[in-house]
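What follows is a set of notes on a single structure, which appears directly below.
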Amino acid sequence: MQERAESTRQAVLEGAAASFDKFGYGTASLSTIIANAGVSKGAMYFHFSSKEDLAQAVIEAQMAMAEAAAAAIIEHTPKAIDALILITKELARQLQSEVIARGGMRLTLESTSAENPNAKSFDDWIRRIAALTDRAQAEGDISEDVDTTSLARLIVASFTGVQTVSEMLTGRADLQDRMTELWHMVLPSVVPRRRLARIRSVADGPVTDWSAR
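The sequence shown begins at 40 in my numbering and counts up by one.
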């Protein structure tokens with residue numbers, strides 16, 4: 040019974056994420072969410088009390104997916120600069136492949152104001168990325184004169200902008216190419232020349248599905 044309940048909850052979450060991704064929070068209806076999920080109205084209300092409750096659950100699921108992948112990358116990647124690049128490539132893969140990621144991203148971007156609690160997710164990510172840029176600088180992969188917190192803010196803002204433009208122009212089909220392009224622009228400005236070729240090769244490398252780790 041517990042396994043069935045969890046399966047139903049996941050189906051509702053994915054149905055909601057698909058609806059929010061396509062229509063946004065304001066236009067997505069509970070009837071559309073139920074149809075996408077393939078469950079009864081009662082089953083949906085057993086797990087979620089309202090559309091607002093569903094939206095928050097989708098955002099939290101997207102954040103948990105991103106954080107789990109980032110943790111796996113950091114654990115398995117010795118160099119902080121490599122981990123940083125791989126995290127952006129993995130988040131891009133999630134947006135291309137995972138409906139929860141797409142729905143959560145749209146909801147987060149729709150609700151970003153200083154008063155909205157979801158806006159703090161950007162502060163959280165800036166802090167996580169800054170921890171990696173600090174490490175990378177200590178490891179000699181980021182130049183000593185680079186302000187690592189400013190770099191972290193730039194990376195988070197650039198990722199957000201690149202994925203948004205990619206969605207508008209190609210439905211995110213070109214997102215991995217655009218992320219590689221972003222790193223090719225950023226790395227020469229912050230990485231010592233003697234280490235640039237090796238680090239660029241990480242940005243040029245294949246995309247790995249870290250959600251299975």
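Beta carbons are placed, not taken as given, at the ideal position from N, Cα and C, and that holds for glycine.
For residue i, the first and last residue of its enclosing alpha helix (DSSP H)
i	result
P227	L214 to V229
A100	K90 to H115
G65	Q41 to T66
W164	K159 to A177
R234	R232 to D243
S70	L69 to A76
S250	No alpha helix (DSSP H) contains S250, which DSSP labels as neither H nor E.
E129	A119 to S136
Reduced DSSP secondary structure (H/G/I, E/B, other) of residue i
i	result
A153	At A153, the pLDDT of 49 sits below 50, so the modelled position is not reliable and the matter cannot be decided from this model.
V185	coil
D180	coil
F87	coil
S197	helix
S13	The question about residue 13 has no answer here: the residues shown for the chain are numbered 40 through 252.
R210	In the sequence on display, residue 210 carries Gly and not Arg. It is coil, neither helix nor strand.
Pair within 8 Å by beta-carbon distance, residue i and residue j
i	j	result
K128	M218	yes
Y64	L146	yes
Q202	R211	yes
H86	R43	no
Q95	A140	no
D142	D92	Per the sequence presented here, residue 142 reads as Gly, with Asp not at that position. Result no, Cβ atoms of G142 and D92 do not sit closer than 8 Å.
Q215	A105	no
L235	P245	no
T71	S58	yes
Distance between beta carbons of residue j and residue i, contact taken as under 8 Å
i	j	result
M83	I73	6 Å
H223	A242	7 Å
S182	V229	6 Å
E250	A108	The sequence shown places Ser at residue 250, not Glu. Going by Cβ atoms, the distance from S250 to A108 rounds to 6 Å, so yes, they are a contact pair.
V51	A67	Wrong, their Cβ atoms sit about 13 Å apart, outside the cutoff.
Contact the region 176–183 vs the region 119–136: 3+ CB pairs below 8 Å: They touch, by the three-pair rule.
Touch test, the region 166–174 against the region 135–143, Cβ-Cβ under 8 Å, three pairs minimum: No, they do not touch.
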